[in-house]
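Everything in the sequence shown is counted per the numbering used here, starting at 32 for the first residue and increasing by one.
Below: one structure, written as structure tokens.
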Amino acid sequence: MEGSTFKWNAKYETGLAEVDVQHQGLVELINRLGTLRVCGGSAADVTAALDALADYAKYHFSTEDSLMQATGISPEHYEAHSRTHDLFLDQITRIVDEAQGDVIIAIDRLLRYLVKWLAFHILGQDKEMAVEIAALKRGTPPESARREAVDYVLRNTEVLFDAFNALFDDLDSSYAELRQSSEAQLKEAQRLAQLGSWELDLTNNHLQWSDEIYRIFEIDPEKFGASYEAFLNTVHPEDRESVDHVYQNSLMDHLPYEITHRLLMADGRIKYVHECSEHLYNPEGKPLRSIGTVQDVTLRIVAEKALRKSEERFRTVADYTYDWEYWRGPDNEFLYISPSCERITGYSASEFITDPGLLLKIIHPEDRDLVERHIRDEFDQEAAQLDFRIIRRDKKICWISHGSRPVYAKDGRFLGRRASNRDITDRKILEHELQRQAQFDYLTGLANRRYFIERGEEEIVRTSRYGRPMSLLMLDIDRFKEINDTHGHHAGDITLQMFAAHCQETLREIDIIGRVGGEEFAVILPETDGEVAYEVAERLCQSIANQTMTTETGAFIGLTVSIGLTTLVVGGEAYLDTLLRQADEALYKAKALGRNRVCTFSG
Numbered sequence: 032m033e034g035s036t037f038k039w040n041a042k043y044e045t046g047l048a049e050v051d052v053q054h055q056g057l058v059e060l061i062n063r064l065g066t067l068r069v070c071g072g073s074a075a076d077v078t079a080a081l082d083a084l085a086d087y088a089k090y091h092f093s094t095e096d097s098l099m100q101a102t103g104i105s106p107e108h109y110e111a112h113s114r115t116h117d118l119f120l121d122q123i124t125r126i127v128d129e130a131q132g133d134v135i136i137a138i139d140r141l142l143r144y145l146v147k148w149l150a151f152h153i154l155g156q157d158k159e160m161a162v163e164i165a166a167l168k169r170g171t172p173p174e175s176a177r178r179e180a181v182d183y184v185l186r187n188t189e190v191l192f193d194a195f196n197a198l199f200d201d202l203d204s205s206y207a208e209l210r211q212s213s214e215a216q217l218k219e220a221q222r223l224a225q226l227g228s229w230e231l232d233l234t235n236n237h238l239q240w241s242d243e244i245y246r247i248f249e250i251d252p253e254k255f256g257a258s259y260e261a262f263l264n265t266v267h268p269e270d271r272e273s274v275d276h277v278y279q280n281s282l283m284d285h286l287p288y289e290i291t292h293r294l295l296m297a298d299g300r301i302k303y304v305h306e307c308s309e310h311l312y313n314p315e316g317k318p319l320r321s322i323g324t325v326q327d328v329t330l331r332i333v334a335e336k337a338l339r340k341s342e343e344r345f346r347t348v349a350d351y352t353y354d355w356e357y358w359r360g361p362d363n364e365f366l367y368i369s370p371s372c373e374r375i376t377g378y379s380a381s382e383f384i385t386d387p388g389l390l391l392k393i394i395h396p397e398d399r400d401l402v403e404r405h406i407r408d409e410f411d412q413e414a415a416q417l418d419f420r421i422i423r424r425d426k427k428i429c430w431i432s433h434g435s436r437p438v439y440a441k442d443g444r445f446l447g448r449r450a451s452n453r454d455i456t457d458r459k460i461l462e463h464e465l466q467r468q469a470q471f472d473y474l475t476g477l478a479n480r481r482y483f484i485e486r487g488e489e490e491i492v493r494t495s496r497y498g499r500p501m502s503l504l505m506l507d508i509d510r511f512k513e514i515n516d517t518h519g520h521h522a523g524d525i526t527l528q529m530f531a532a533h534c535q536e537t538l539r540e541i542d543i544i545g546r547v548g549g550e551e552f553a554v555i556l557p558e559t560d561g562e563v564a565y566e567v568a569e570r571l572c573q574s575i576a577n578q579t580m581t582t583e584t585g586a587f588i589g590l591t592v593s594i595g596l597t598t599l600v601v602g603g604e605a606y607l608d609t610l611l612r613q614a615d616e617a618l619y620k621a622k623a624l625g626r627n628r629v630c631t632f633s634g
């Protein structure tokens, strides 16, 4: 423990391992007080150190008491030893009270008492206790063990007094060592932190600066008439009045102050410094001294100004972008959200920041799993793209095109991800409409020929893979040309629409219905063998025959339909073209036999 108030060495060991470790802990706490004495600790620092010392001493005393009780040490020795513990704590309290708040006096008196007490406690009482405990553990009778302990102390009285003298003599030299080391460390710390200290004696206007303040102000100590007025002359003219005003008000109000201001260098350069100060007063309230620090914060201020300009440029671009932009940090927290989020979602930027879970809450339930997977995976991707739906505050559904990419600092540190979210609802509506037009017949709303074939081929693949039955119907409205020629194309269109609607009402949701020609329709019946398919076709044929349509002129139109049926043979040839051809042949057979009937392809 080099540079300590109390220097520990092996001669202080009692032979009781747990006790020796705790003694060293007490020594460290005493040395902490010594450091506060040299380095100028505050009353709060001293109080904290004393509280820690008292708590640890109580813990140590409890350990010794338990040890003595467990080994059967003599009651007289136990009682006397325990009494010294109580006296120690009382004496600490008395010394602090008598110092009346003077930190330096309190520490000086405490250290002198503590060093002597600890030497006596270890070399006297605890050595005596250790000898008696060791004797008892060897099986020595209690009276003999007690006598052995007393004899040991008497034989080593000279050692005890030598230790007192050595420790007492070392106390002042320890202070000097600590003070010298502290001053050197303080100078180095001030240089590294660009932080200097000062003291103004208000009784004679004498200003004392540390070396670092002279370096900050770029002033030769030999040429500086140190006074408050001389200091004010170094302050930038535009800041001089405000600095003086803050200082004078602080003196009158008995309050500390902080201020950042400019210095005007001899060559016209400007520096920024941050000052902190407090004052000392006599009992009548007259100010005696002002003490404080000055730190060169030029680099910080310049960097902050540059950062503000950069941030202003960033916000000018980001805040006025049409898209909803945000930046998530490495811990997935929001660092920035553009105001456009409110136009797109109905929620403000502050709502997203105060409720980080809001982003997921507004995701459409059908898209939430997709987005959650994307959020989990995106931090491992250089760039990510995703379209999903949100539910706005007004309950409207909005499509979002989301893109994100990682952000890195110049030194390669990961800073999070920037994301851009664009409202693509109109585009999605258009895409959906174009897709509908490309896949569905504009008149009947059924699948058109191309989309029907696409769906049919998918169903054949599924049916063949699992060995399931499937049937296909070809339907043709009987004498449809006559309806057009007699009642007009408008009546023909209505007939087609009514026929399509009836098929949708009659058939299952899983059945695939398509308009594959002018008045020709096709139906795929998944999971349906030939026998069941025939029953479905017959039922459809009969229900159509029971339908009538009234034209705009009041004429009644009766409808019938001819149906051709084929069934996919499990394990046989599985091509949609083949099935369509087979069903078409069966359809022509139904036409040839008089229409309004169902015929099955017979090969």
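Where a beta carbon is used, it is the ideal one built from N, C-alpha and C, also for glycine.
The model shown is predicted, which means the values in this text are computed figures rather than measured ones.
Query                                                                                                                                                                          : Result
Using the Cα positions of S228 and I250, report the straight-line distance between them to the nearest angstrom.                                                               : 15 Å
Per DSSP, Q326 is paired with what?                                                                                                                                            : L226 and H305
Label Q100 either buried or exposed according to how many other C-beta atoms from any shown protein chain fall within 10 Å of its C-beta, with 16 as the threshold for buried. : exposed
For I422, which beta-bridge partners are listed by DSSP?                                                                                                                       : I428
Tell me the rounded alpha-carbon separation between R493 and Q470.                                                                                                             : 21 Å
Taking Cβ to Cβ, would you say I394 is nearer than 8 Å to F419?                                                                                                                : yes
Give the straight-line distance between the Cα atoms of Q279 and D117, rounded to the nearest whole angstrom.                                                                  : 50 Å
Enumerated in chain order, which unbroken segments of the alpha helix (DSSP H) with a length of 4 residues or greater are wholly contained in the segment 251-295?             : 259-265 and 268-284
Sort out for me which residues DSSP pairs H237 with in a bridge.                                                                                                               : D232
Does DSSP put S175 in a helix, in a strand, or in coil?                                                                                                                        : helix
Between I555, E462, M501 and S502, which lies nearest to A478 when the distance is taken from Cα to Cα?                                                                        : I555
How many Å lie between E566 and E464 at the Cα?                                                                                                                                : 36 Å
The ligand GTP and A414: does any heavy atom of the ligand fall closer than 7 Å to the residue's C-beta?                                                                       : Annotation note on the ligand GTP: not contained in the displayed structure, which lists no ligands.
Helix, strand or coil, according to DSSP, for Q470 in the structure here?                                                                                                      : helix
Do you know offhand how far F199's Cα is from R143's?                                                                                                                          : Any reading at F199 needs caution, since the residue's pLDDT is 49, under 50, leaving its predicted position unreliable; the model's value is listed next. Rounded to whole angstroms, F199 to R143 spans 7 Å at the Cα level.
Quick one: which unbroken alpha helix (DSSP H) runs of 4-plus residues sit fully inside the segment 512-555? Chain order, please.                                              : 520-537
Spell out a yes or no on whether the segment 500-520 and the segment 430-441 are touching, meaning 3 or more CB-CB pairs, one atom from each, closer than 8 Å.                 : no
To which residues of the same chain is I368 closer than 6 Å at the C-beta, ignoring the five residues directly before and after it?                                            : Y357, A380 and F383
So, using beta-carbon positions, are T385 and S371 closer together than 8 Å?                                                                                                   : no
Please name the residue in P172, K168, S435 and M160 whose C-alpha comes closest to that of V181.                                                                              : M160
Is the segment 544-564 touching the segment 589-598, taking contact as three or more C-beta pairs under 8 Å?                                                                   : yes
Could you spell out the range, first to last residue, of the alpha helix (DSSP H) harbouring A380?                                                                             : A380 to T385
Leaving out the 5 sequence neighbours to the left and right, which residues in its chain are closer than 6 Å to S281 when beta-carbon positions are compared?                  : Y288
Report yes or no: do the segment 230-250 and the segment 331-338 share at least 3 C-beta pairs separated by less than 8 Å?                                                     : no
How would you label Y378, buried or exposed, when you count the other beta carbons within 10 angstroms and need 16 or more for buried?                                         : buried
So L599 and M501 are in contact, right, with Cβ under 8 Å, and what is the actual spacing, rounded?                                                                            : 5 Å
Could you tell me the distance, in whole angstroms, from the CA atom of E558 to the CA atom of H433?                                                                           : 41 Å
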